[in-house]
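End of the sequence shown = 350 in my numbering, gap-free, step of one.
Just so you know, even glycine gets a beta-carbon here, dropped at the ideal spot from N, CA and C.
Here is the structure we will look at.
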Amino acid sequence: MNLFTSSSKDPPHDHEISAAAIRWWLKPVVFAGVVLILGSLLLRIVNTDFPAPSLYSRIRQAINTDTEILTVGNSLVIYGIQPSLLSRRAVNLAVQSGHYEVYELLLRRNLERCPNVKWVLIQLDNLCLLDDRVSRNRDHGPLYDLGVKRHDLLFSPWEYCRQFLMDNPIMYPIFFMPRLNPSCWWQSEEPPMYQEPGFLAYAFQMSDKGVSERNLAQDEYLLQSTRKEENWQALSRIIYFLRAQDIQIVFLRLPRLEAYSSIRSPEWIKTEEKLVQDVHRIEGERMILLDYRNVPWLATTHFYDTRHLNHLGATTLTRHLDEDLMKLVPNYTPNRTSAPYISDQVVE
């Protein structure tokens with residue numbers, strides 16, 4: 003038999019797939035895609051809040067020519083200060099997890115919307131210097147809502163396409179089911195609790211048991227971070243950029259549980275103090291630092307965990323921050339709300 007020809011009697015090759023088989027496999031794929039699209043469109047018709055309104059997009063909308071103060075930081079800022087995140091004069095751009103490169107993007111994307119800004123509050127913290135969670139975080143929705151573009155984050159082509167799909171509302175049923183629920187905690191448009199500081203732990207206090215179970219693993223991991231130099235360069239650019247715009251920076255050192263701080267490694271403390279010294283070397287006499295780390299008016303009962311304040315602690319910190327800002331910022335008026343106070347309870 004000729005090896006270069008085949009006869010009708012030759013057995014078919016196992017790897018050959020007929021056109022009918024291909025069509026058979028395509029049918030469920032196409033059907034699933036159609037169901038997904040139609041289901042998303044149906045949700046839009048039935049629920050006018052789909053996708054659920056984003057608080058961060060509302061914050062960006064609050065920025066206008068009346069805005070004079072911007073604040074950047076991570077969750078310590080979100081849960082610890084600013085009674086109202088939607089004030090038009092003082093807008094809080096803090097995001098759940100971030101670092102100085104992210105804060106640089108947030109400021110550059112939003113300063114053009116508020117040409118009258120004269121003050122910027124920046125969290126000064128090891129967490130912002132060493133954190134790389136944005137590169138590992140799947141959901142960048144808050145950053146997009148605050149004006150950051152996908153190409154700003156320097157994604158790989160694959161990750162860029164992935165983020166494009168994830169940010170498409172049609173794909174929410176696959177990636178973000180909570181976004182279909184308007185009562186989702188960070189997606190809620192304007193819930194009453196957002197009008198009060200410390201909403202992460204509205205009725206929670208740190209207990210002795212919680213203190214004894216503190217975990218330093220994250221700190222030790224962050225000390226090995228490869229983002230340190232990039233984040234420091236970003237912070238330096240922020241300082242020089244704001245100085246060129248004649249914008250005064252107020253650096254914030256936020257409180258942490260004293261028992262937690264006392265057992266940190268010498269390397270962690272050294273890195274944090276070096277950060278403050280490096281900033282002071284650049285800022286010189288212009289540097290304004292509000293240090294709330296070791297203040298007598300915060301105790302264990304003011305904390306939700308080793309870093310975040312509960313409602314009681316955040317209310318106390320916000321009051322003192324307002325007093326300090328009134329001394330610095332001309333005609334500064336704190337935001338006051340009428341939301342009812344809920345007394346905190348110790349949770350074991």
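Residues that Q250 bridges to, as DSSP identifies them = Translated into positions along the sequence shown, residue 250 becomes position 248. According to DSSP, Q250 bridges with W121.
Starting from the N-terminal side, write out each stretch of the beta strand (DSSP E) that is 3 residues or longer and does not extend beyond the segment 269-340.
-> 290-293
Check I61 in the structure and name its three-state DSSP category.
-> Taking the sequence shown and counting its residues from 1, the one referred to as residue 61 is at position 59. Three-state DSSP puts I61 in a helix.
List the residues that DSSP assigns as beta-bridge partners of I71.
-> Indexing the sequence shown from 1 puts residue 71 at position 69. I71 is bridged to A92, W121.
Can you tell me whether A236 is buried or exposed, with buried defined as 16 or more other CB within 10 angstroms of its CB?
-> Counting from 1 along the sequence shown, the entry for residue 236 is found at position 234. The residue in question, A236, is buried, as its Cβ has 16 or more Cβ neighbours within 10 Å.
Just curious, the alpha helix (DSSP H) that I83 is in, first and last residue?
-> Position 81 of the sequence shown, counting from 1, holds the residue named residue 83. It is not in any alpha helix (DSSP H) - I83 carries neither H nor E in the DSSP assignment.
What separation, rounded to the nearest whole angstrom, lies between the Cα atoms of I284 and T67?
-> Translated into positions along the sequence shown, residue 284 becomes position 282. Translated into positions along the sequence shown, residue 67 becomes position 65. So the two alpha carbons sit approximately 29 Å from each other.
Using a beta-carbon distance below 7 Å, is R60 in contact with chain D?
-> Absent from the structure: chain D. Only one protein chain is present.
R1 (DSSP reduced to helix, strand or coil) = Given that the chain is displayed from residue 3 to residue 350, the structure contains no residue 1 and the question cannot be resolved.
Measuring CA to CA, which of V297, V331, K329, N94 is closest to G315?
-> Within the sequence shown, residue 315 is the residue found at index 313, counting from 1. Of the listed residues, the one whose Cα sits closest to G315 is V297.
7 Å CB neighbourhood of F305 in its chain, flanking five on each side removed = If you number the sequence shown from 1, residue 305 lands on position 303. Answer for F305: M208, L259, L311, N312, G315, listed in chain order.
Report yes if the C-beta distance between N76 and G100 is below 7 Å; otherwise report no.
-> Working through the sequence shown from its first residue, we reach residue 76 at position 74. Working through the sequence shown from its first residue, we reach residue 100 at position 98. Annotated as proximal: N76 and G100, with beta-carbon spacing under 7 Å.
Hey, is D324 close to the ligand MN, as in C-beta under 6 Å from one of its heavy atoms?
-> Among the ligands in the structure shown, none appear at all, so the ligand MN cannot be discussed.
Should G149 be labelled buried (16 or more other beta-carbon atoms within 10 Å of its own) or exposed?
-> Residue numbering aside, residue 149 sits at position 147 when the sequence shown is read from its first letter. Residue burial is scored here from C-beta neighbours: G149 has at least 16 other C-beta atoms within 10 angstroms and is therefore classed as buried.
Alpha carbon to alpha carbon, what distance is there between L145 and C186?
-> For the purposes of this step, residue 186 is identified with residue 184 of the sequence shown, where counting begins at 1. For the purposes of this step, residue 145 is identified with residue 143 of the sequence shown, where counting begins at 1. Low confidence applies here, because C186 scores a pLDDT of 44, under 50, leaving its location unreliable and the question unanswered by this model.
Please determine, among E269, D326, L132, the residue with the shortest C-alpha to C-alpha distance to E231.
-> Translated into the one-based positions of the sequence shown, residue 231 becomes position 229. Of the candidates E269, D326, L132, the one whose C-alpha sits nearest the C-alpha of E231 is L132.
By Cβ distance below 6 Å, which residues in the same chain neighbour S227 in space, the five residues on each side in sequence not counted?
-> Counting from 1 along the sequence shown, the entry for residue 227 is found at position 225. Only L132, D134 meet the Cβ criterion.
Locate the alpha helix (DSSP H) running through D147, then write down its first and last residues.
-> Mapped onto the sequence shown, residue 147 falls at position 145. Segment 143-147, the alpha helix (DSSP H) holding D147.
Drop a sphere of 10 angstroms on the beta-carbon of T308, count the other beta-carbons inside from all chains shown, and report buried for 16 or more, exposed for fewer.
-> The count along the sequence shown starts at 1 and reaches residue 308 at position 306. With 16 or more Cβ atoms within 10 Å of its Cβ, T308 is classed as buried.
Unbroken alpha helix (DSSP H) run spanning C130, endpoints = The sequence position of residue 130 within the sequence shown is 128, counting from 1. Element bounds for C130: 128-132.
Does DSSP put R164 in a helix, a strand or coil?
-> Residue numbering aside, residue 164 sits at position 162 when the sequence shown is read from its first letter. In the structure shown, R164 sits in a helix (DSSP, three-state: H, G or I).
Inter-residue spacing [alpha-carbon to alpha-carbon] between L292 and E161 = Here residue 292 corresponds to residue number 290 of the sequence shown, with the count starting at 1. Here residue 161 corresponds to residue number 159 of the sequence shown, with the count starting at 1. Approximately 39 Å, taken between the alpha carbons.
If V252 sits next to L330, beta carbons under 8 Å apart, how far is it from one beta carbon to the other, in whole angstroms?
-> Against the sequence shown, residue 252 aligns to sequence position 250. Against the sequence shown, residue 330 aligns to sequence position 328. About 7 Å; that satisfies the 8 Å criterion.
R111 versus H282: straight-line alpha-carbon distance, rounded | The count along the sequence shown starts at 1 and reaches residue 111 at position 109. The count along the sequence shown starts at 1 and reaches residue 282 at position 280. The alpha-carbon of R111 is positioned some 26 Å away from that of H282.
Once you ignore the five residues that flank P342 on each side, which residues in its own chain have a CB closer than 6 Å to its CB?
-> If you number the sequence shown from 1, residue 342 lands on position 340. Below a pLDDT of 50, predicted positions are generally treated as unreliable, and P342, at 35, falls in that range; no measurement from the model is reported.
Inter-residue Cα distance where the pair is I249 and K120 | If you number the sequence shown from 1, residue 249 lands on position 247. If you number the sequence shown from 1, residue 120 lands on position 118. Straight-line spacing of the CA atoms in I249 and K120 works out to 5 Å.
By the 10 Å Cβ neighbour count, where 16 or more other Cβ atoms means buried, how is L44 classified, buried or exposed?
-> Locating residue 44 in the sequence shown gives position 42, counting from the first residue. By the C-beta density criterion, L44 is exposed, having fewer than 16 other C-beta atoms within 10 angstroms.
What do you get for A92, buried or exposed, if any count of 16 or more other CB atoms within 10 angstroms of its CB means buried?
-> Against the sequence shown, residue 92 aligns to sequence position 90. So A92 counts as buried.
Which residue from L319, T69, L28 puts its Cα closest to that of R255?
-> One-based indexing of the sequence shown puts residue 255 at position 253. Checking every option, the nearest Cα to that of R255 belongs to L319.
Quick one: what does DSSP say R152 is sitting in, helix, strand or coil?
-> For this step, residue 152 is matched to residue 150 along the sequence shown. It is helical.
Strand pairing of R255, partner residues [DSSP] | Counted from its first residue, the sequence shown places residue 255 at position 253. Looking at the DSSP assignment, R255 forms a beta bridge with D293.
Under three-state DSSP, which class holds F33?
-> On the sequence shown, position 31 is the one that residue 33 refers to. Helix, per DSSP.
Count the other CB atoms within 10 Å of the CB of Y196; is the residue buried (16 or more) or exposed (fewer)?
-> Translated into positions along the sequence shown, residue 196 becomes position 194. Since pLDDT at Y196 reaches only 47, below the 50 mark, its modelled position is unreliable, and the value read off the structure follows with that caveat. That one is buried.
To the nearest whole angstrom, what separates the beta carbons of L78 and L109, a pair I think is in contact under 8 Å?
-> As a working note, residue 78 is residue 76 in the sequence shown. As a working note, residue 109 is residue 107 in the sequence shown. Contact flag wrong, Cβ pair sits at about 18 Å.
Exposed or buried, what is Q125 when buried is set at 16 or more other beta-carbons lying within 10 Å of its beta-carbon?
-> As a first step, residue 125 is located in the sequence shown; it is residue number 123 there, counting from the start. Classification for Q125: buried.
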